[in-house]
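In the order they appear, the protein sequences are chains U and R. Note that this note's numbering has the first sequence beginning at 2, numbered continuously upward. Note that this note's numbering has the second sequence beginning at 2, numbered continuously upward. Cβ coordinates follow ideal geometry from the N, Cα and C atoms, glycine included. From a predicted model like this one, the values you see are computed outputs, not experimental measurements. Okay, so here's the structure we're looking at.
There are 2 protein chains.
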Amino acid sequence: MSDSDNADTAVTAAVLVIGDEILSGRTRDQNTGYIAEYLTAIGIDLAEARIVPDRKDDIVAAVNALRARYTYLFTTGGIGPTHDDITADAVAAAFGVGIDIDPRALAVMKARYRDVELTAARLRMARIPDGAELIANPVSHSPGFRLGNVYVMAGIPSIMQAMLDEAAKTLRTGRVMGSETLEIRQPEGAIGDPLAELQDNFPDVMIGSYPSLDDKGFLTRIVLRSRDAARLAEATAAVRAMLARFESDKAE
Amino acid sequence: MSDSDNADTAVTAAVLVIGDEILSGRTRDQNTGYIAEYLTAIGIDLAEARIVPDRKDDIVAAVNALRARYTYLFTTGGIGPTHDDITADAVAAAFGVGIDIDPRALAVMKARYRDVELTAARLRMARIPDGAELIANPVSHSPGFRLGNVYVMAGIPSIMQAMLDEAAKTLRTGRVMGSETLEIRQPEGAIGDPLAELQDNFPDVMIGSYPSLDDKGFLTRIVLRSRDAARLAEATAAVRAMLARFESDKAE
């Protein structure tokens, strides 16, 4: 259900990335950035992300900490067919429920694999915690699942993205956060004082300052964010005027 | 100090990425992957990573959870000159120590900026918690710092990388984890059962299985990791033999 009644209540989320390969540096996590952008676009605030190894105790602890704190928790990784895929078991343990071969998941897999191919390893992918709803996987068929407010998805980005599209149909979304970005070719230290004053004047607009360095030198991006379009426009105009004054001062 | 006396004791670390811009999806975090690879290469196990917003309570809670649990904690982001740069204050609060303009940091900044440029905003970058050591910043000069086992670094990747090189000189490192990678053009479900048996036979070697999809179809990478070179070689030979048997079975 997309619940516009609750549009003014912030909807929050966390991401939990599960996998030794991310922590060893062998694989770069692409999922957190993708999910972050996706949730922002539908009005859900990603409030925290964690990466933990393929160790059951660590997964259970992170699932329980994050599901209690945020509206939703999205996990990626660890639901494949090999011995190091322990996410489903860990999520069942976190909720204190049983886990076994799920007839719905088994049916999906039987439709895909011939009997001879339904190895014990592959059958692991049909293990779903009691009480969970399946999340369809249009890419490679073995499903993810939702248990309570926890959405358990694959780690392979193309599969995770397809599962997230499925999951999104069931999410309560908030009012979309509007944002404006202004840039100035100065290090942020130059504009930090007037910017802090403007933040004091607009406490209801989040004003962030993000410095970077490229071959032309310092570039500072000022990002303003608010769910209130009118206040966002006012604050943006004020910051733009400050930057313009700053530029003309410098040109003198 | 590089402490080879402790080579057999695992040295662990966590990364804490601080910044609203990462959680909103506006900026993709490049630092965690870089640090992960770097630490693996010097024999330190990255055991967890977290991303939190620019909110003091969240930063304090994460710093205290992670510094207690691991040998080292590396933070990135939030030490610039603007109002949303609150990492130094949060780390001081986490340790329960004071924070003020640090004479050493001020000297570095005076050498760089003319008096007129030393705005209140820039002076924020000289605020260092009591008892901390500075981490030199050869790129833009404003230093990071180390307090206890916590290394506080910039968020801009080029600056963070230079600070990490500085920080690494003081780290205790472990015996480097060796690794071998084998590949097979099969989905991992096909080899999951024999692979689980091999993991049982080599409990002292971590065997991970990482599936991916490309335009040629499924590709599974088996990654073996151990600090014991002889056991790693044995396990690698055993997995290679299994994969070869599997390939010849399929060819029949």
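| Item | Value |
| --- | --- |
| I'd like to know if serine 3 of chain R contacts chain U, where contact means its C-beta is closer than 8 Å to some C-beta of that chain. | Reliability fails at serine 3 of chain R, whose pLDDT of 41 lies under 50, so the model's placement of it is uncertain and the value that follows must be treated cautiously. Closer than 8 Å: no. |
| Would you check if the region 181 to 192 of chain R and the region 237 to 249 of chain R touch, i.e. whether three or more CB-CB distances between them fall below 8 Å? | yes |
| Under 8 Å, CB to CB, which of the residues in the region 203 to 234 of chain U have a partner in chain R? | Met207, Ile208, Gly209, Ser210, Tyr211, Pro212, Ser213, Leu214, Val224, Arg226 |
| Runs of 3 residues minimum, wholly inside the region 108 to 184 of chain U: which ones carry the beta strand (DSSP E) assignment? | 128 to 130, 134 to 136, 145 to 148, 151 to 154 |
| If you measure from the beta carbon of threonine 120 of chain R to each beta carbon in chain U, is any gap under 8 Å? | yes |
| Between which two residues does the alpha helix (DSSP H) containing alanine 63 of chain U stretch? | 57 to 70 |
| Taking its Cβ as the centre, do 16 or more other Cβ atoms sit within 10 Å of valine 117 of chain U, making it buried, or is it exposed? | exposed |
| Looking at chain R, is there any beta carbon in it that lies within less than 8 Å of the beta carbon of glutamate 253 of chain U? | Residue confidence for glutamate 253 of chain U is low, a pLDDT of 46 falling below 50, so the modelled location carries little weight; the figure read from the coordinates is stated next. So, not an interface residue. |
| Candidates R/Thr120, R/Gly149, R/Ala121, R/Gln162: which alpha carbon is nearest asparagine 138 of chain R's? | R/Gln162 |
| 8 Å is my cut-off, CB to CB: does glutamate 22 of chain R come that close to chain U? | yes |
| Whose C-alpha, out of U/Asp201, U/Leu24, U/Ala48, is nearest the C-alpha of valine 16 of chain U? | U/Ala48 |
| What is the DSSP secondary structure of threonine 13 of chain U, reduced to helix, strand or coil? | strand |
| In chain order, what residues of the same chain have a beta carbon less than 7 Å from the beta carbon of aspartate 86 of chain U, not counting five sequence neighbours either side? | Gly79, Ile80, Arg125 |
| Counting Cβ pairs, one atom from each stretch, are 3 or more of them under 8 Å apart for the region 64 to 78 of chain U and the region 37 to 55 of chain U? | yes |
| Output yes or no for whether 8 Å exceeds the beta carbon distance between methionine 154 of chain U and phenylalanine 75 of chain U. | yes |
| At 3 residues or longer, what runs of the beta strand (DSSP E) sit wholly inside the region 179 to 215 of chain R? | 179 to 185, 207 to 215 |
| Helix, strand or coil for isoleucine 43 of chain U? Go by DSSP, reduced to three states. | coil |
| Could you check where the beta strand (DSSP E) with aspartate 90 of chain U kicks off and where it finishes? | Unbroken run through aspartate 90 of chain U is the alpha helix (DSSP H), 88 to 96; no beta strand (DSSP E). |
| Along the region 44 to 60 of chain U, what residues have a CB closer than 7 Å to any CB found in chain R? | Leu47, Ala48, Glu49, Ala50, Arg51, Ile52, Val53, Pro54 |
| If you check the beta carbons only, do valine 61 of chain R and alanine 91 of chain R fall under 8 Å apart? | yes |
| Just mark threonine 10 of chain U as buried or exposed, buried being the case when its beta carbon has 16 or more other beta carbons within 10 Å. | exposed |
| Name the DSSP beta bridge partners of isoleucine 19 of chain R, please? | R/Val53 |
| Closest by CA to isoleucine 223 of chain U, which one among U/Ala231, U/Val109, U/Ser210? | U/Ser210 |
| Within the 8 Å Cβ cut-off, does aspartate 6 of chain U reach chain R? | Low local confidence applies: a pLDDT of 40 at aspartate 6 of chain U is under 50, so the model's placement there is unreliable, and no value is given. |
| From the DSSP output, in three-state form, read off isoleucine 36 of chain U for me. | helix |
| So which residues of chain R does proline 82 of chain U contact, with C-beta pairs closer than 7 Å? | Glu189, Gly190, Gly193 |
| Taking Cβ positions, are threonine 171 of chain U and isoleucine 45 of chain U nearer each other than 8 Å? | no |
| Which term fits alanine 106 of chain R, buried or exposed, when burial requires 16 or more other beta carbons within 10 angstroms of its beta carbon? | buried |
| Would you please state the rounded distance, in angstroms, between the beta carbons of glutamine 200 of chain U and histidine 84 of chain R? I believe it to be under 8 Å. | 5 Å |
| Considering only C-alpha positions, which residue in the set R/Phe247, R/Pro104, R/Ala121, R/Ile160 is nearest to serine 213 of chain U? | R/Ile160 |
| In angstroms with no decimal places, state the Cα-to-Cα distance between leucine 225 of chain U and aspartate 215 of chain R. | 39 Å |
| Note down, in chain order, each residue of its chain lying with its Cβ closer than 6 Å to the Cβ of aspartate 59 of chain U, except the 5 sequence neighbours on either side. | Val53 |
| Spatial neighbours of glycine 132 of chain U within its chain, please: C-beta separation below 7 Å, excluding the five flanking residues on both sides. | Val98, Leu148 |
| So, using beta-carbon positions, are alanine 89 of chain U and isoleucine 100 of chain U closer together than 8 Å? | yes |
| Use the C-beta contact count for glutamate 22 of chain U: other C-beta atoms within 10 angstroms, 16 or more gives buried, fewer gives exposed. | buried |
| With distance defined between alpha-carbon atoms, name the residue in U/Val140, U/Thr72, U/Ile185 nearest to arginine 113 of chain U. | U/Val140 |
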